[in-house]
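In our numbering, the protein residues as written are 682 to 1252. Note that beta-carbon positions come from the ideal geometry of N, C-alpha and C, so glycine has one too. Please read all numbers here as calculations on a predicted model, not as lab measurements.
#1: Can you give me the start and stop residues for the alpha helix (DSSP H) that residue 1116 sits inside?
#2: Does the region 1026 to 1034 come close enough to the region 1069 to 1088 that 3 or more CB-CB pairs lie under 8 Å?
#3: Short check: CB of residue 1248 to CB of residue 1039, under 8 Å?
#4: Just mark residue 1216 as buried or exposed, buried being the case when its beta carbon has 16 or more other beta carbons within 10 Å.
#5: Can you give the Cα-Cα distance for residue 943 and residue 933, rounded to whole angstroms?
#6: When DSSP builds the beta bridges, which residues end up paired with residue 891?
#7: Give the range of the beta strand (DSSP E) segment to which residue 1073 is assigned.
#8: As an exercise, report each continuous beta strand (DSSP E) stretch of at least 3 residues that is fully enclosed by the region 752 to 839, in chain order.
#9: Could you check the C-alpha separation between residue 1123 and residue 1114 for me, to the nearest Å?
#10: So does the region 987 to 995 actually touch the region 871 to 888, counting three or more Cβ pairs closer than 8 Å?
#11: Go ahead and label residue 1053 buried or exposed: buried means 16 or more other beta carbons lie within 10 angstroms of its beta carbon, across all protein chains shown.
#12: Leaving out five residues on either side along the sequence, give the residues of the same chain with a beta carbon under 7 Å from the beta carbon of residue 968.
#13: Looking at chain D, is there any beta carbon in it that lies within less than 8 Å of the beta carbon of residue 763?
#14: My understanding is that residue 748 touches residue 691, with C-beta atoms under 8 Å, so please give their C-beta distance in whole angstroms.
#15: Quick one: grab the DSSP three-state call for residue 1241.
#16: Taking three-plus beta-carbon pairs below 8 Å as touching, is the region 884 to 903 in contact with the region 857 to 871?
#17: Buried or exposed, going by whether 16 or more other CB atoms sit within 10 Å of the CB of residue 1241?
#18: Let's see if you can read the secondary structure: which residues bound the beta strand (DSSP E) around residue 1166?
#19: Start and end of the beta strand (DSSP E) containing residue 1031?
#20: Does the distance from the CB of residue 750 to the CB of residue 728 come in under 8 Å?
#21: Using a threshold of 8 Å, state whether the C-beta atoms of residue 817 and residue 842 are closer than that.
#22: Ignore the nearest five residues each way along the sequence and tell me which others in residue 694's own chain have a CB closer than 8 Å to its CB.
#23: Consult DSSP for residue 872 and reduce its assignment to one of helix, strand or coil.
#24: From which residue to which residue does the alpha helix (DSSP H) around residue 915 run?
#25: If I'm right that residue 927 touches residue 959 with Cβ under 8 Å, what's the distance once you round it to whole angstroms?
#26: Short of 8 Å in beta carbon distance, which residues of its chain neighbour residue 870, apart from the five on each side in sequence? Order them along the chain.
#27: Taking the CB atoms as reference points, tell me whether residue 1166 and residue 1129 lie closer together than 8 Å.
#28: Heavy atom of the ligand MN less than 7 Å from the Cβ of residue 1223, yes or no?
#29: Could you check if residue 978 is buried or exposed, using at least 16 other CB atoms within 10 Å of its CB as the buried criterion?
#30: Do the CB positions of residue 758 and residue 775 come within less than 8 Å of each other?
#31: Does residue 1061 pass the burial test, meaning 16 or more other C-beta atoms within 10 Å, or should it be called exposed?
#32: I'd like the span of the alpha helix (DSSP H) that includes residue 978, first residue to last.
#33: Out of 718, 724, 1095 and 699, point me to the one whose CA is closest to residue 737's CA.
#34: Whose C-alpha, out of 970, 1069 and 908, is nearest the C-alpha of residue 946?
#35: Note down, in chain order, each residue of its chain lying with its Cβ closer than 7 Å to the Cβ of residue 846, except the 5 sequence neighbours on either side.
#36: Mind reading off the beta-carbon distance from residue 1178 to residue 1160? Whole number of angstroms is fine, and I expect it under 8 Å.
Now the structure itself:
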């Protein structure tokens, strides 16, 4: 293509510049501008038809010099940079000037001496980059919102879709609807930079990149994942997708979902995957509580429909992490997430099964496992806990078990680990029953003080979904006798369980019969145990579910039935 011809000197009259600009109309895309250079061809400024119109409206005559109306601080980039580097330079310059990058539709290229080389369209520079792409993320939960703010913080334009109007209102006001370390400040900074917006208007919001982060809860009745939200979002994308758009599925799904469910729905509009649109699966593998940190440090696994899909998805995630793992198929990427969490759940399940065996012999499972691990460097055994919950580990092993397998009985370990780990609530209930039998107390009349309601304590989270503590509460006929202290979960969430909220941890011990340490938050043992237990009913059960307290010290108290995984004081 012939190079740009609209080059003028700063002594040009405006009317001569207009004629020069008109001579460049053979290239309609670069029309309406002239580049001002000195005698050595070094770029001094730029003149656009908009500059001329504004000057004339202010009374400047076309017989005057272009110096009256020209911009002598143009955005220029070196012609030898690749498009990605050019895009980065433009974005940095616009940030310095506090301007949106798309304010400049045409960009001047210069050589290493600052001499004029050519003019190109901004869209040509950004065509293979993600900086100018509109990104729409479906679902502003733990997965979607954290990804949205991290991508936005990296300089991308993000729109978050969420059906819950109350959540949208809070997010627009900079208030996350759940706790995540660093989320509050990052959300507010991206809002101030106008790089993120939130809406519940699904149907009228379009983009170039669509990321699906909606829920896929496990239906315990039919034993299948509920993919209705995935299907609904896929249909919405099918209704508005345009050629060359990119779709990224991030929700955890059974193997084969992207290829067998999402792609057919989107192709129902006549477009064909790989030819007309691109699609990939990029699993979310972050840990709640440190999700923002891990989005920037964990390798991002990507499986694409084709090579181009992987390439485009990698360019997006390269904005926040340099570690990309390109797997060979959509199914491989889907399976990565499932085996990560199924393996974790299985590891915890073994430790908990050890604890259940210990219960029959009244052995402290923590001490047993520590003894087994000490000096034995091969495959250390995980530590037990009062069950393993949360939205991922309570679901993903079951999705793993839905996978087809060459083994005659199918994939069985995921289901087995879930049976063991979900028994935690009943296990703790059984301990309370045993305590009541020993002491003559009535289980429906005792006061219970739970410390730790969230499904885990470290890293910190406010998430009580599939919490073992909540499952335990549901086993009791009278929630009014249950009092809860959690250092992260707010009062409203606690009271929604039907239980009583405790602010001052010492208040929770007053008149209590049972104390249950149900997660491992680091503050759960940061109180004077001796003083707190003075106000408890005598005798009392102290269940140390995470081995956070000194067993010997507690057992010196003759009124204390100390208990942990596998063990209870024999009085």
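Walking through what the data contain:
#1: 1105 to 1120
#2: yes
#3: yes
#4: exposed
#5: 13 Å
#6: 817 and 928
#7: Run containing residue 1073: none; DSSP gives neither H nor E here.
#8: 757 to 759, 787 to 791, 797 to 802 and 815 to 819
#9: 9 Å
#10: no
#11: exposed
#12: 975 and 1140
#13: Looking at the structure shown, chain D is missing, and only one protein chain is on hand.
#14: 6 Å
#15: strand
#16: no
#17: buried
#18: 1163 to 1166
#19: No beta strand (DSSP E) contains residue 1031, which is instead part of the alpha helix (DSSP H) from 1011 to 1042.
#20: Yes, Cβ-Cβ distance for residue 750 and residue 728 is below 8 Å.
#21: Taking the C-beta atoms as reference points, residue 842 is found nearer than 8 Å to residue 817.
#22: 743, 744, 745, 746 and 747
#23: In the structure shown, residue 872 adopts helical secondary structure according to DSSP, grouped into three states.
#24: Per DSSP, residue 915 belongs to the alpha helix (DSSP H) from 909 to 921.
#25: 5 Å
#26: 834
#27: no
#28: The ligand MN is not among the ligands present in this structure, which contains no ligands whatsoever.
#29: exposed
#30: In this structure, residue 775 does not lie closer than 8 Å to residue 758 by Cβ.
#31: exposed
#32: Note, residue 978: alpha helix (DSSP H), 972 to 978.
#33: 699
#34: The shortest C-alpha separation from residue 946 is found at 908.
#35: 881
#36: 7 Å
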